[in-house]
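Read the structure below first, then the notes.
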Amino acid sequence: MKPLFTVLIALVTVTTFAQKDFQGKATYMSKTTMDMSRFGDRFNKMSEAQKKQMAARMKSFLEKTFILTFDKSSSIYKEDEKLAAPTAGGGRGWGSMTGSGVKYKNTKDLVALESIEFFGKKFLISDEMKRPEWELGSETKKIGEYVCYKATLTKDVDPTDWTNMRRRRNNDDNKKKDETKKDTTNVVKISDEIEMPKQITVTAWYTPQIPISNGPGEYWGLPGLILELNSGRTTILCTEIVINPEDKVTIEAPSKGTEVTREEYNQIITKKMEEMREMYRNRRRRN
């Protein structure tokens, strides 16, 4: 027989998540590391003081806090506005260029929308929402009070995701050439200097103690809330969970912005980035 205390906890848990007006709030810390070699000789020639200044400026968009507000089937994921530090120019550095929007998911109706602003223009991006093909593992670990299970997923890299970009390696000897040949099947050339992988492996840690098939960003599809996620150079970790908070939020799909598909939006981003690279090249030629 199970101890009576354990049975009571299970009953309370089932009752909590079965409530019609159930809602939860999860806080996530996101941290991204950057391949500084992508800056080439410019970075190597910097003094230690200049490198520290650069790291301080980059911290605002490499380390962020997000809030996931969720019910049994829908959610909103967005940056914590209280902690989002604006830059001296009134924007948020590179974040204002690449956008930091609101992601909406409805796992019951398979609706995924993202409201985002890019260079002053608002877009409403619709994503095709297919159930992710997670591979469930038996490995476990505790995150706070929750027992979490490991799951992995292989996914195509978003071509506009700068966090996975890296400096192309020079093939100075035969060994490097051989290594490059082996790796070209999973590499996309962005420019003469920059490349990125075609696919990456995502590792998630989810807890069945919160039986909600949801998680940070676009991730979902596991038998429990995702509390930790490792994707490329980015790690996202849940630092706080509040079940049925006193101040509840209305979870509704965003509706403002020019409606585009993810593919159309990526084409817009790619074109703008190419224009900026060309402007930068012209500026260097003049100097």
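Using mature numbering (1 follows the signal peptide of the UniProt record, and there is no 0), the letters of the sequence shown correspond one by one to residues -18 to -1, 1 to 269. Beta carbons: idealized from backbone N, C-alpha and C, even for Gly.
- For the pair K85 and G239, the CB atoms are not nearer than the 8 Å cut-off.
- With fewer than 16 other CB atoms across the displayed protein chains lying within 10 angstroms of its CB, F101 is exposed.
- Taking all protein chains shown into account, L92 has fewer than 16 neighbouring C-beta atoms within 10 Å of its C-beta and is therefore exposed.
- For M178, the closest alpha carbon among the candidates V184, D143, S55 is that of D143.
- Secondary structure of L92 (DSSP, three-state): coil.
- Annotated three-state conformation of N264 is helix, per DSSP.
- Counting the other Cβ atoms within 10 Å of the Cβ of T252 gives fewer than 16, which makes it exposed.
- Each of Y262, F52, I192 was checked against the Cα of K90, and the nearest Cα belongs to F52.
- The straight-line gap separating the alpha-carbon atoms of V139 and Q191 is approximately 30 Å.
- Checking the DSSP bridge columns, you'll see Y201 has no partner listed.
- When the beta-carbon positions are compared, Q181 and T136 come within less than 8 Å of each other.
- By the neighbour-count criterion, in which a residue is buried when 16 or more other Cβ atoms sit within 10 angstroms of its Cβ, P227 is exposed.
- For the pair of segments examined, the region 241 to 258 was found to touch the region 106 to 118: the number of CB pairs separated by less than 8 Å reaches three.
- Here the alpha carbon of T15 sits roughly 22 Å from the alpha carbon of I125.
- E256 has its alpha-carbon roughly 32 Å from the corresponding atom of I58.
- Per DSSP, M28 lies in no beta strand (DSSP E) and is assigned neither H nor E.
- Exclusion of the five residues before and after A186 leaves A133, I208, L211 as the residues of its chain whose Cβ lies within less than 6 Å of its Cβ.
- Judged by their CB atoms, Y128 and T189 are nearer to each other than the 8 Å cut-off.
- Take the alpha-carbon of A31 and the one of M40: they are about 14 Å apart.
- Annotated three-state conformation of S56 is strand, per DSSP.
- Contact between L95 and P198 is absent: CB atoms are separated by about 16 Å, not below the 8 Å threshold.
- Assigned with DSSP and collapsed to three states, F4 falls in coil, not helix or strand.
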